Amino acid sequence: MSMQIEIKSLKGMALDAAMALMEGYELTTDSISLLAKKDGKLLIVGPGADDSRIRYSPSTKWEQLGPLIKTRDVVLANHSSGNEETPDRFWGSAHCFHGFTRFETYDGIEVAACRSMLAYHHEGTSLTLPNIVFAMCAD
433 MSMQIEIKSL KGMALDAAMA LMEGYELTTD SISLLAKKDG KLLIVGPGAD
483 DSRIRYSPST KWEQLGPLIK TRDVVLANHS SGNEETPDRF WGSAHCFHGF
533 TRFETYDGIE VAACRSMLAY HHEGTSLTLP NIVFAMCAD
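In the numbering used here, the protein residues as written are 433 to 571.
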């Protein structure tokens with residue numbers, strides 16, 4: 433079973449799961465974590481404090497997002513908040529040259545890039561994720 437979701441609402445584990453599916457990973461679970469499986473490799477899906485070699489989280493890890501960006505037409509920008517009280521607060525934007533792929537967010541440029549690539553890949557503003565993702569997501 434699966435559920436339709438707006439790409440702009442994806443974040444955290446759900447966003448990383450959508451990216452994993454886009455990249456051809458199979459999603460599974462060990463009832464503790466959401467896992468991504470591909471080419472004999474098993475990774476924990478979503479952000480976390482542990483070693484990045486065992487995690488799949490392009491929404492937080494440049495070393496995973498960078499290679500994905502290099503293979504796509506995507507424009508990224510990091511913008512100052514313009515607020516003198518929070519001069520170090522930035523927001524990210526990304527697009528893949530189509531209006532429906534433009535995303536802006538205070539969640540960071542990595543999140544904006546992932547959302548943009550997903551919209552381009554799915555040719556729209558929503559996508560379908562398997563229920564296993566929602567069962568494992570706390571956010």
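Each residue gets a CB set at the ideal place from its N, CA and C atoms; glycine is no exception. Here the structure is a predicted model, which means the values were calculated and not measured.
Exposed unless 16 or more other CB atoms sit within 10 angstroms - verdict on residue i
i      : result
Ser441 : exposed
Gln436 : exposed
Thr503 : exposed
His527 : buried
Phe529 : exposed
Ala452 : buried
Whole-number beta carbon distance between residue j and residue i, since they are thought to touch under 8 Å
i      : j      : result
Asn563 : Ser465 : About 16 Å separates the two Cβ atoms, so there is no contact after all.
Ile541 : Gly524 : 3 Å
Asp448 : Ser489 : 5 Å
Residues bridged to residue i (per DSSP)
i      : result
Phe529 : Its beta-bridge partners do not exist; DSSP assigns none.
Tyr488 : Val477
Ala509 : Ser525
Contacting residues, own chain, Cβ-Cβ under 7 Å from residue i (five flanking each side not counted)
i      : result
Gly556 : Phe532
Contacts around residue i, its chain only, beta-carbon distance under 6 Å, and the 5 residues preceding and following it disregarded
i      : result
Ser491 : Leu447, Asp448, Glu542, Val543, Cys546
Tyr552 : Cys528, Thr533
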